[in-house]
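For the sequence shown, numbering that gives the first Met the number 0 assigns the number 0 to the initial residue and increments by one for each residue that follows.
Beta carbons are placed, not taken as given, at the ideal position from N, Cα and C, and that holds for glycine.
Working notes for the structure below.
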Amino acid sequence: MDGASQTAADYTVVQDWAGYGADAHAVWRTLFRRQATVLVDRAAPEFLAGIAALSVTADAIPDFRRLNDVLDRATGWRIVAVPGLVPDAIFFEHLANRRFPSTCFIRRPEQLDYIEEPDVFHDIFGHVPMLVNSVFADYMQAYGQGGLKALGLGSLHNLARLYWYTVEFGLIRTPAGLRIYGSGIVSSRAESIYALDSDRPHRLAFDLMRIMRTNYRIDDVQESYFVIDSYAQLFDATRPDFTPYYAALRDHADLAPGALLASDCAIARDRPGARA
Ligand code: HBI
Ligand code: FE
């Protein structure tokens, strides 16, 4: 696609669903099938419900227009197609208006396990199912509004960590044990297993200020995951004005991704029925 001539001021493009070849749909199918197997007893029930409600299947890369029919009716969110990573201000402006920017391209077959940039599998399979949940949908909008504000306050590095440790790599406690809702995890086979089954990473109770001090890794599985009890807990945490929080954070040193503090509350893996 000729991006330059088709990119609007808000960076949106047209998905061109008919332009995907059989090879592109085959990559989607492979990724979808692998994750369906791994996630059946690992993903949050709300994520699995979102996949079902949207009728996202292994068959083909979804047509955003069809997803939007369901999504708009469910929570008033819409997917807009973008060519890749968009500038922070543009990204937040979309989220603040309940538009989720999704890339269109799909990774190559040799990139099944790792890709640096978000692709359509990460964005659609990973992110969009949670937007069917009304509380999570409100949290994402609040994050967009907070992002615009953080930009103006020079504190985006703090707020970006909240997105990373919740939207991208969040875990939730359920009666059946820990479950995954973070898109960076659900779109990765290796991390879907590691995040719940490995003894290596820390699993810590959600703590807003703690998260906003913590650096993260973009090149490997996470050294720490933060666990929420409910999506309401997440949304409620974003209600206050963060201006005084950002001011307070300037007096605290950043924490390494694998740091452990005396004040941290470790959460047991607690997976009844987990395979040996
Ligand atoms: N653009 N398409 C896209 N997707 C993202 O996840 C994204 C982005 N631009 C900026 C951005 N994320 C981040 O810098 C913020 O979440 C902090
Ligand atoms: Fe993402």
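When the Cα of residue i is compared with those of the options, which residue comes out closest?
| i | options | result |
| --- | --- | --- |
| Met-139 | Leu-233, Ala-258, Ala-8 | Leu-233 |
| Asp-235 | Asp-206, Asp-218, Arg-216 | Asp-206 |
| Phe-135 | Asp-218, Ser-229, Val-79, Ala-80 | Ser-229 |
| Gly-169 | Gly-153, Ser-154, Ser-191, Lys-148 | Ser-191 |
| Ala-21 | Glu-222, Ser-54, Ile-105, Arg-97 | Ile-105 |
| Ile-123 | Val-220, Ala-7, Glu-109, Thr-56 | Thr-56 |
| Gly-151 | Val-37, Tyr-245, Thr-36, Trp-76 | Tyr-245 |
Where DSSP assigns a beta bridge to residue i, which residues make up the other side?
| i | result |
| --- | --- |
| Pro-100 | Val-79 |
| His-24 | According to DSSP, which records beta bridges pairwise, His-24 is partnered with nothing at all. |
| Thr-213 | Leu-254 |
| Tyr-224 | Arg-202 |
| Gly-176 | Thr-173 |
| Val-37 | Answer by DSSP bridge pairing: none, since Val-37 is not bridged. |
| Ala-73 | Bridge partners of Ala-73: none, in fact. |
| Val-85 | Partner(s): none; Val-85 has no beta bridge. |
Starting from the C-beta of residue i, find all residues in its chain whose C-beta is less than 8 Å away, skip the five residues before and the five after it, and write them out in chain order.
| i | result |
| --- | --- |
| Asn-214 | Arg-160, Asp-253, Leu-254, Ala-255, Pro-256 |
| Ala-247 | Met-208 |
| Arg-274 | The pLDDT assigned to Arg-274 is 40, lower than 50, so where the model puts this residue is not dependable; a value taken from the coordinates is nonetheless given after this. Result list for Arg-274: empty, nothing under 8 Å. |
| Thr-11 | Val-79, Ala-80, Val-81, Pro-100 |
Answer with buried or exposed for residue i, where buried requires no fewer than 16 other C-beta atoms within 10 angstroms of its C-beta.
| i | result |
| --- | --- |
| Arg-202 | buried |
| Leu-130 | buried |
| Asp-218 | exposed |
| Ala-231 | exposed |
| Cys-103 | buried |
| Gln-34 | buried |
| Tyr-113 | exposed |
| Val-13 | exposed |
| Leu-259 | exposed |
| Ser-197 | exposed |
| Val-39 | exposed |
| His-126 | buried |
| Ala-88 | exposed |
| Leu-84 | exposed |
| Glu-167 | buried |
| Ser-262 | exposed |
| Pro-74 | Just to set this straight, residue 74 is Thr in the shown sequence, not Pro. Per the 10 Å Cβ criterion, buried. |
| Asp-118 | buried |
| Arg-41 | buried |
| Gly-49 | buried |
Between residue i and the rest of its own chain, which residues show a CB-CB distance below 6 Å, the 5 nearest in sequence each way excluded?
| i | result |
| --- | --- |
| Ile-171 | Ala-43, Arg-178, Tyr-180, Ile-227 |
| Gly-143 | Phe-91, Leu-94, Ala-95 |
| Glu-222 | Pro-200, Pro-256, Gly-257 |
| Arg-216 | Pro-256 |
| Trp-16 | Asp-62 |
Under 7 Å Cβ to Cβ from residue i, same chain only, skipping five residues before and after it: list those, please.
| i | result |
| --- | --- |
| His-121 | Ser-182, Ser-186 |
| Ala-265 | His-201, Arg-202, Leu-203 |
| Trp-27 | Ala-59, Ile-60, Ile-105, Phe-120 |
| His-251 | Arg-212 |
Which whole-angstrom value describes the C-beta separation of residue i and residue j, a residue pair presumed to lie in contact below a C-beta threshold of 8 Å?
| i | j | result |
| --- | --- | --- |
| Pro-100 | Val-79 | 6 Å |
| Gly-176 | Leu-158 | With a Cβ gap of about 30 Å, Gly-176 and Leu-158 do not count as contacting. |
| Leu-30 | Pro-128 | No, Leu-30 and Pro-128 are not in contact; Cβ-Cβ is about 14 Å, not under 8 Å. |
| Ile-60 | Ala-25 | No, Ile-60 and Ala-25 are not in contact; Cβ-Cβ is about 10 Å, not under 8 Å. |
| Ile-210 | Ala-194 | About 16 Å; that fails the 8 Å criterion. |
| Thr-237 | Ala-149 | Not quite, the Cβ-Cβ distance comes to about 11 Å (not below 8 Å), so this is no contact. |
| Phe-225 | Tyr-164 | 5 Å |
| Arg-98 | Arg-77 | 5 Å |
Would you verify that the beta carbon of residue i is, or is not, closer than 8 Å to some beta carbon of chain B?
| i | result |
| --- | --- |
| Val-131 | Note that chain B does not occur in the displayed structure, where there is just one protein chain. |
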